[in-house]
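Undergrad: Take a look at the following structure, please.
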Amino acid sequence: MMKKIKRLFISSFRWRLFINLIVTYIMTFLIYSALIIIFDNFNLLGMSIELRYFIAFIISLFLFLVIFFDLMNITLKYLSVLSGTIQEVTAGDYNVEAPIEYDDELGLLAANINALAKTLKDKEKESEILKENERLAFDAERNAEKQKNDLITNVAHDLRTPLTTIVGYLELIKNNEHLSKEDIQKYSTVAYEKAKKLQGMMDDLFEFTSLDKADVRVHMTTLNISELILQIVDEFYPTFQEHDLTPVINIAQPNLFIQGDGQLIARVFDNLLSNAVKYGQDGNDIKIEVLTDDQNVTIKIMNYGHPIAQEDLPYIFDKFYRSDASRSSSTGGTGLGLAIAKNIVQIHNGQIFATSHKEKTTFVVVLRKLQIQD
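Below, the structure is given as structure tokens:
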């Protein structure tokens with residue numbers, strides 16, 4: 001109990017101030033008494049008793065102030081430090097920290113200063129985060145608006161050419177009564193082919209917008225990806241023959257399984273093989289590899305032709321992105337095939353990317369492997 005009282009007695013700033021005053025008073029009183037005795041025993045310069053007492057009082061008062069401020073000097077320096085810390089916090093520097101040197105009111109004051117600085121710092125961070133979120137939201141809204149405008153512009157651009165051709169040939173048939181049956185058949189065929197191309201563009205656009213929605217419906221089943229790849233390659237044989245291309249297939253295992261939507265996964269490789277045929281006609285073959293490890297199935301589709309520029313590789317899966325506009329138009333590309341493939345792969349939590357160097361371009365799809373127990 002006595003230790004607790006002693007700790008409280010010593011730790012309190014008010015008690016410390018009181019003790020310093022008492023000690024200073026006692027020391028000053030002793031000095032004053034000593035001066036009176038000295039002045040009484042040695043009547044210097046014949047001074048009167050009132051003058052001697054006054055001089056002793058002045059000297060004692062001066063010594064009182066000197067002794068008191070000397071005893072309080074450490075505390076005063078500490079108060080100066082706290083004052084400087086408060087000024088820094090007021091100026092906006094919330095990283096400062098007041099030293100806690102006493103377990104009393106001054107220590108509590110220092111702790112409160114630190115707590116205030118931390119609170120203000122947290123508020124400042126929250127304000128910065130809020131501003132950053134507002135900026136990101138603004139940028140996202142602006143990008144969404146830009147993407148919408150780009151979508152409209154690209155769709156209008158892609159639809160204009162086939163529509164113009166269709167209208168032109170139909171007007172030619174309508175306005176020229178003397179056309180032969182052969183000419184009418186020829187022009188009708190061209191208009192029909194352009195209409196089919198237009199329909200394909202609209203189908204691509206509809207599919208892309210459907211896959212781009214957050215609530216897209218996916219029918220997951222167990223798929224034998226080895227058999228699916230073989231089936232898709234078989235369906236492409238007429239196209240390969242038309243373009244004098246030979247498929248070279250390497251499948252690591254005959255029965256590799258994944259969890260996925262069969263129609264969507266088939267669309268991915270349909271798009272990639274179509275892309276390989278369009279841009280791989282400088283070579284003689286198209287290579288398809290199906291590899292596996294403990295966790296994933298990796299499908300590679302390689303074609304040989306004009307490579308994709310390295311600066312274009314990060315963007316080729318963006319909708320309507322064309323690294324070579326003239327080449328895309330000549331091959332009938334809509335600019336959506338790779339974007340559709342990317343969306344489908346992402347829906348299946350997989351990865352899709354491309355590499356290109358010299359005359360070889362490789363598209364790589366990585367999907368999670370499904371372990372089937374025998």
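The sequence shown runs 1 to 374 under UniProt numbering.
Think of the CB as a built atom: it goes at the ideal place given N, C-alpha and C, for glycine as much as any other residue.
Only a predicted model underlies this, so the values are computations on that prediction, with no experimental measurement involved.
Among 294, 233, 296, which residue has its Cα nearest to the Cα of residue 287?
TA: 233
Undergrad: Suppose contacts are defined by Cβ-Cβ distances below 8 Å. Is residue 262 in contact with residue 223 by that definition?
TA: yes
Undergrad: CB residue 24 to CB residue 64, shorter than 8 Å?
TA: yes
Undergrad: Quick one, which of 260, 276, 258, 256 has its alpha-carbon nearest residue 248's?
TA: 276
Undergrad: DSSP state of residue 123, grouped into three classes?
TA: helix
Undergrad: Among the residues of its own chain, which have a CB less than 6 Å from the CB of residue 259, if the five just before and after it don't count?
TA: 220, 370
Undergrad: When burial is assigned at 16 or more other CB atoms within 10 Å of the CB, is residue 89 buried or exposed?
TA: The residue is buried, with at least 16 neighbouring Cβ atoms inside 10 Å.
Undergrad: Rank 245, 67, 354 by C-alpha distance to the C-alpha of residue 298 and give the top, closest one.
TA: 354
Undergrad: Please classify residue 66 as buried or exposed, where buried requires at least 16 neighbouring CB atoms within 10 angstroms.
TA: exposed
Undergrad: May I have a chain-ordered list of the alpha helix (DSSP H) segments no shorter than 4 residues that lie completely inside the stretch 131 to 192?
TA: none
Undergrad: On the criterion of 16 or more Cβ atoms from any shown chain inside 10 Å, does residue 375 qualify as buried, or is it exposed?
TA: The structure shown does not extend to residue 375, since the chain is modelled only from 1 to 374, so the question has no answer here.
Undergrad: Go through its chain and collect everything with a Cβ distance to residue 264's Cβ below 6 Å, but skip five positions before and after it.
TA: 344
Undergrad: Exposed or buried, which one is residue 228 when buried takes at least 16 other CB atoms within 10 Å?
TA: buried
Undergrad: Mapping DSSP to helix, strand and coil, what is residue 304?
TA: The DSSP-derived three-state label of residue 304 is strand.
Undergrad: With 16 other CB atoms within 10 Å as the buried threshold, where does residue 283 fall?
TA: So residue 283 ends up on the buried side.
Undergrad: Going by C-alpha distance, which of 256, 21, 245 is nearest residue 294?
TA: 256
Undergrad: Excluding sequence positions up to five away, which residues of its chain have a Cβ less than 7 Å from the Cβ of residue 86?
TA: 113
Undergrad: Do residue 179 and residue 296 come within 8 Å of each other at the CB atom, strictly closer than that value?
TA: In terms of Cβ geometry, residue 296 and residue 179 do not form a close pair [threshold 8 Å].
Undergrad: Can you say whether residue 363 is buried or exposed, counting buried as having 16 or more other CB atoms within 10 angstroms of its CB?
TA: buried
Undergrad: Using the three-state DSSP reduction, which class does residue 285 fall into: helix, strand or coil?
TA: strand
Undergrad: Excluding the 5 residues preceding and the 5 following residue 39 in the sequence, name in chain order all residues of the same chain whose CB lies nearer than 7 Å to its CB.
TA: Closer than 7 Å at Cβ, skipping near neighbours: 52, 56.
Undergrad: Name the two residues that bound the continuous alpha helix (DSSP H) containing residue 356.
TA: Note, residue 356: premise wrong, no alpha helix (DSSP H); beta strand (DSSP E) at 351 to 357.
Undergrad: For the putative contact between residue 336 and residue 198, defined by C-beta atoms under 8 Å, what is the C-beta separation to the nearest angstrom?
TA: That pair is no contact at about 14 Å.
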